Amino acid sequence: MAAPTGDDADLVPEPDLYKAPEKKTIEELVKLDADDEALKRYKENLLGSVAQCTPFPNDQRHLIVQKLEVIIKDGPTFSLDLEGDLEKLRDEPIEIPEGSFYNVRVTFYVQREIIAGLRYLQSAHKGIAKMKDDVMLGSYAPRMEPIVWVSGEEEAPSGNLSRGVYAMTSKFMDDDKNEHVKFKWAIKIVKKALKAPSL
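At position 8 of the sequence shown the residue is numbered 710 (this note's numbering), and the sequence of numbers has no breaks.
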């Protein structure tokens, strides 16, 4: 396999010592140890209804990421629709005041199969400066309800050199190297508004 180039070179998961087990479908998991009645009942209780979870029966994807939100503390929440036109996302930068605190919230569905080791990879470029994030979101079984993941609190950069537009490239992938969605967007770090003195 050729080495990734361009934006993809920044979106390679960090190497770790964890080796993902061989992928098995829910059907294969249910059939394992079929002669052990107690284990069979346990797995049917655990996985039986999971195999029927398809909130979007006409959509063949296993992971459906609906939106990514940037929640600014004491400020607005910006939402990126990841089911819409992904090309438009980079044209409207999200404005984040310098030094402000924010969280990222992702809403997604898992259907048909277990998603093992879901990761969120992100690279940010401004001039020659590059930043990279690789966040493990976890493993998820199919279910009818949306799954919501929220990051820890993060702080936006501050200072004259940090202000401006950052070109962002993000993707969601799993331990099996499946790339579920990839998109480009932008943030703009703006000068923090001065608070009016209280009288």
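Note that the Cβ used here is the ideal one computed from N, Cα and C, for glycine as well.
What you are looking at is a predicted structure, and each value in this text was computed from that prediction instead of being measured.
Subject >> Residues near Leu939 by beta carbon distance below 7 Å, same chain, minus five either side >> reply: Past the edges of the chain, shown from 703 to 901, lies residue 939, and the structure says nothing about it.
**OP:** Tell me Leu765's beta-bridge partners as DSSP assigns them.
**Re:** Start at 1 with the first residue of the sequence shown, and residue 765 comes out as number 63. DSSP, once it has assigned bridges, lists Val812 as partnering Leu765.
**OP:** Report yes or no: do three or more beta-carbon pairs, one from the segment 841-856 and one from the segment 788-798, lie closer than 8 Å?
**Re:** no
Subject >> From Tyr804, Tyr822, Leu741, residue whose alpha carbon lies closest to that of Leu765 >> reply: For the purposes of this step, residue 765 is taken as the residue at position 63 of the sequence shown. The residue with the shortest Cα to Cα distance from Leu765 is Tyr822.
**OP:** From the DSSP output, read off the bridge partner residues of His827.
**Re:** Translated into positions along the sequence shown, residue 827 becomes position 125. Partner(s): Lys832, Ala869.
**OP:** For the segment 811-831 and the segment 856-875, state whether three or more C-beta atom pairs, one from each stretch, are separated by less than 8 Å.
**Re:** yes
Original post:
Given 8 Å as the limit, is there contact between the segment 848-860 and the segment 877-886, that is, 3 or more CB pairs closer than that?
Top reply: no
Subject >> Alpha carbon of Gln768 to alpha carbon of Ala869, nearest angstrom >> reply: If you number the sequence shown from 1, residue 768 lands on position 66. If you number the sequence shown from 1, residue 869 lands on position 167. Each residue's Cα considered, the two are about 21 Å apart.
Original post:
How would you label Phe810, buried or exposed, when you count the other beta carbons within 10 angstroms and need 16 or more for buried?
Top reply: As a first step, residue 810 must be located in the sequence shown, where it is residue number 108. Flag for Phe810 reads buried.
Original post:
For Val867, which residues of its own chain have a beta-carbon under 6 Å away from its beta-carbon, when the five flanking residues on both sides are left out?
Top reply: Here residue 867 refers to the residue found at position 165 when the sequence shown is read from its first residue. Pro795, Ala888, Lys890.
Original post:
Excluding five sequence neighbours on each side, which residues of the same chain lie with their C-beta closer than 8 Å to the C-beta of Val892?
Top reply: Position 190 of the sequence shown, counting from 1, holds the residue named residue 892. Same-chain partners within the cutoff: Glu797, Ile798, Pro799, Glu800, Arg865.
Original post:
How would you call Lys828, buried or exposed, if buried means at least 16 neighbouring beta carbons within 10 angstroms?
Top reply: Here the question's residue 828 lines up with position 126 in the sequence shown. By the 10 Å Cβ count, Lys828 comes out buried.
Original post:
Who pairs with Leu820 in a beta bridge, going by DSSP?
Top reply: The residue labelled residue 820 in the question sits at position 118 within the sequence shown. Bridge partners of Leu820: Gly840.
Subject >> Closest by C-alpha distance to Ile830, when choosing among Gln813, Leu863, Arg763, Gly777 >> reply: In the sequence shown, residue 830 corresponds to position 128, counting from 1. With distances taken between Cα atoms, Ile830 lies closest to Leu863.
Subject >> Delimiting residues of the beta strand (DSSP E) encompassing Glu881 >> reply: Taking the sequence shown and counting its residues from 1, the one referred to as residue 881 is at position 179. Per DSSP, Glu881 belongs to the beta strand (DSSP E) from 881-892.
Original post:
In terms of residues, what are the limits of the beta strand (DSSP E) holding Leu782?
Top reply: In the sequence shown, counting from the first residue as 1, residue 782 sits at position 80. Unbroken beta strand (DSSP E) run through Leu782: 779-783.
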